[in-house]
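In what follows, a single structure is set out as C-alpha cells and then discussed.
Protein chains in written order, with my numbering: chain A, 17 to 341; chain B, 9 to 125.
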C-alpha cells in the first residue's frame with residue numbers, strides 16, 4: 017500500500033442524504049479511492065473517510081465489529097509471460113494482509129486457487145497461507161480448481177461440512193456468510209451456473225434470518241452480468257438474488273475477472289477482486305479475456321487483495337482494494 | 009562403369025527402393041484412412057476453424073496454443089479430453105457420420121462444430 021504523505025486524520029464528506037440515509041454515489045466514490053489507503057465508513061448516513069493508519073477500529077474497535085480479507089485467483093502453477101512468479105506475488109499479497117493495522121478475523125478465497133487442479137498446486141497455496149495473520153481460510157472453487165475430476169479433489173480438500181458441490185454458510189459477529197459454487201456442470205455456450213439444488217438450499221438457508229442481518233455472499237464467477245461475451249456472468253444468478261433482495265445489507269464478493277469492479281443494485285453491493293497472479297483486460301478491450309502482459313514494473317499495481325470491514329449497526333460494509341505495491 | 013556393373017547397380021537400387029517405398033508414401037487417395045488427419049487450433053479462447061466438415065474416418069487433432077488451459081468436450085459426451093495446457097494435444101477419430109457440437113468445459117462460451125459425412 018502506498019503510504020499517505022499526510023499524517024492520519026479523518027476527512028469528513030457530507031453528502032445529501034436519500035430518504036433512507038444512504039448515499040450510494042458517495043459510497044462508490046469513496047470506494048474508488050481504494051489503493052491510496054483510504055477507507056470509508058458510513059455512520060448515521062454521513063460518509064467518513066479515514067486513512068488506514070488512522071482508522072479508529074485499531075485497538076479501539078467495538079465488540080461486534082468485523083474485519084476480514086478477500087483474496088482471489090492465485091492460479092498456483094501458472095508460469096507464462098504474464099507472471100512467471102505467481103508464488104512471489106502470492107507471498108506479497110500475504111505480506112499486505114499481515115501489514116493491515118487490524119488483523120483480519122479470516123480470509124475468503126474466491127477461487128482459482130490452483131491453475132490446473134494439481135495436488136502440488138493446492139499444497140503450495142495451503143503452505144503459503146500458513147504464514148498469514150488470519151488462520152481461518154474459507155474457500156470457494158474457481159473453474160481451474162475442478163478440472164478433470166468434476167471437483168472431487170477440490171471437495172476432498174476444502175469441502176468438509178459443505179453441501180452438494182461445495183456450498184455452505186456460516187455466521188460471524190452477526191454477519192451471515194454464504195459460499196456459493198458456480199463453476200460446476202457448465203453448459204455449452206453458457207455462463208457460470210448455480211443449479212437447482214444449490215438455489216433450493218440458498219432459499220432455505222436465508223429464509224428465517226431477520227431482514228436486518230447483513231449478508232455476505234462469495235462465489236468465483238460474478239453474480240451479475242459483467243460481460244457475457246467473455247463468460248463473465250452467471251446464468252441463474254437472478255433467482256439467487258431474489259432470495260437476497262429482502263435483506264437490508266447484502267455484499268456480493270466475486271473473483272474470476274482479475275480486476276476490481278463494483279456495482280450497487282438496491283441493497284446489494286457487488287464487488288470483484290484483483291487476482292494475486294495476473295491481470296486480465298477490461299471488458300472488450302482485447303480479443304479474449306486471457307492473461308494480460310504488462311511491463312514488469314506495472315504488474316504489481318494490477319494485482320492485490322481486498323480488505324472488508326463491518327461496523328456493527330452500519331448499513332454497508334466498507335470494501336477496500338489494495339494493490340501489491 | 010562396365011555395363012554388367014551398371015545393370016547390377018540399377019538392380020540393387022531398384023531392390024532397395026522396393027524395400028523402402030510403399031504406395032501410401034505418395035499422396036493419399038481420398039479413401040486412404042490412415043493418412044487422414046485434420047488440425048484444429050485452440051487460441052485466444054476460441055477453436056479455429058470453428059466449423060469443419062470431414063469424411064468418416066478422419067482423426068481430428070486439437071492443439072492448445074493459448075496461454076490458458078482448455079478442454080475439448082462434445083455436447084453429447086461422445087468425446088472428452090483431459091485438460092490441455094499450452095502445447096498439449098487431443099485427438100479423436102470420427103467413425104460415425106453426424107454433427108458433433110463441442111465446447112470447452114472450463115470456458116463454456118467457447119463452442120465449435122465438426123460435421124462428419
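By construction, the Cβ of each residue, glycine as well, lies at the ideal position given by its N, Cα and C atoms.
| Asked | Found |
| --- | --- |
| Would you check if the region 82-99 of chain A and the region 128-136 of chain A touch, i.e. whether three or more CB-CB distances between them fall below 8 Å? | yes |
| For a test of the three-state rule: what should DSSP assign to residue 338/A, helix, strand or coil? | strand |
| In three-state terms, what does DSSP make of residue 192/A? | strand |
| Smallest Cα separation from residue 324/A: which of 300/A, 116/A and 296/A? | 116/A |
| Residue 104/B: buried (16+ other C-beta within 10 angstroms of its C-beta) or exposed? | exposed |
| List the residues of chain A that residue 111/B touches, going by C-beta distances under 8 Å, in chain order. | 204 and 205 |
| Return the first residue and the last residue of the beta strand (DSSP E) that residue 56/B is part of. | 54-56 |
| Just the chain B side, please: which residues come within less than 7 Å of residue 168/A by C-beta, in chain order? | In chain order: nothing, as chain B lies at least about 14 Å away. |
| Would you give the residue range spanned by the beta strand (DSSP E) that residue 237/A belongs to? | Note, residue 237/A: premise wrong, no beta strand (DSSP E); not H, not E. |
| To the nearest angstrom, report how far apart residue 111/A and residue 148/A are at their CA atoms. | 8 Å |
| Tell me where the alpha helix (DSSP H) around residue 136/A begins and ends. | 135-145 |
| Would you check if the distance between the CB atom of residue 317/A and the CB atom of residue 336/A is smaller than 8 Å? | no |
| In this structure, does DSSP put residue 121/B in helix, strand or coil? | strand |
| For residue 289/A versus residue 126/A, is the C-beta distance shorter than 8 Å? | yes |
| With distance defined between alpha-carbon atoms, name the residue in 177/A, 194/A and 299/A nearest to residue 223/A. | 194/A |
| Kindly confirm or deny that the region 73-92 of chain B and the region 110-119 of chain B touch, where touching means at least three C-beta pairs closer than 8 Å. | yes |
| State the DSSP-derived secondary structure class of residue 179/A, mapped to helix, strand or coil. | strand |
| Give, in chain order, every residue of the region 288-322 of chain A whose Cβ lies closer than 8 Å to some Cβ of chain B. | 303, 304, 305, 306 and 307 |
| Per DSSP, which one or two residues make a beta bridge with residue 82/B? | 110/B |
| Assign residue 77/B to buried or exposed, taking buried as 16 or more other Cβ atoms, counted over all protein chains shown, within 10 Å of its Cβ. | buried |
| Using a Cβ-Cβ cutoff of less than 8 Å, which residues in the same chain neighbour residue 65/B once the five nearest sequence positions on both sides are dropped? | 41, 44, 101, 102 and 103 |
| Assuming residue 250/A and residue 238/A make a contact with CB atoms under 8 Å, what is their CB distance in whole Å? | 7 Å |
| In the region 87-139 of chain A, which residue ranges form an unbroken alpha helix (DSSP H) of at least 4 residues, counting only runs that do not cross its ends? | 102-114 |
| How would you call residue 120/A, buried or exposed, if buried means at least 16 neighbouring beta carbons within 10 angstroms? | buried |
| Consider the Cβ of residue 72/B: report whether some Cβ of chain A lies at a distance smaller than 8 Å. | no |
| In chain A, which residues lie less than 9 Å from residue 53/B when you measure between Cβ atoms? | 246, 247, 303, 304, 305 and 306 |
| To the nearest angstrom, how far is it from the Cα of residue 328/A to the Cα of residue 265/A? | 12 Å |
| I'd like to know if residue 78/B contacts chain A, where contact means its C-beta is closer than 8 Å to some C-beta of that chain. | no |
| Taking only the alpha-carbon atoms, compute the straight-line gap between residue 294/A and residue 314/A and give it to the nearest angstrom. | 11 Å |
| Between the Cα of residue 189/A and the Cα atoms of 208/A, 140/A, 82/A and 254/A, which residue gives the shortest distance? | 82/A |
| According to DSSP, simplified to helix, strand and coil, what is residue 324/A? | strand |
| Please list the terminal residues of the continuous beta strand (DSSP E) segment that includes residue 45/B. | 45-51 |
| Give the secondary structure of residue 210/A by DSSP, where H, G and I count as helix, E and B as strand, and everything else as coil. | coil |
| Classify residue 266/A as helix, strand or coil using the three-state DSSP reduction. | strand |
| What residues are listed by DSSP as bridge partners for residue 82/A? | 326/A |
| If I'm right that residue 184/A touches residue 178/A with Cβ under 8 Å, what's the distance once you round it to whole angstroms? | 4 Å |
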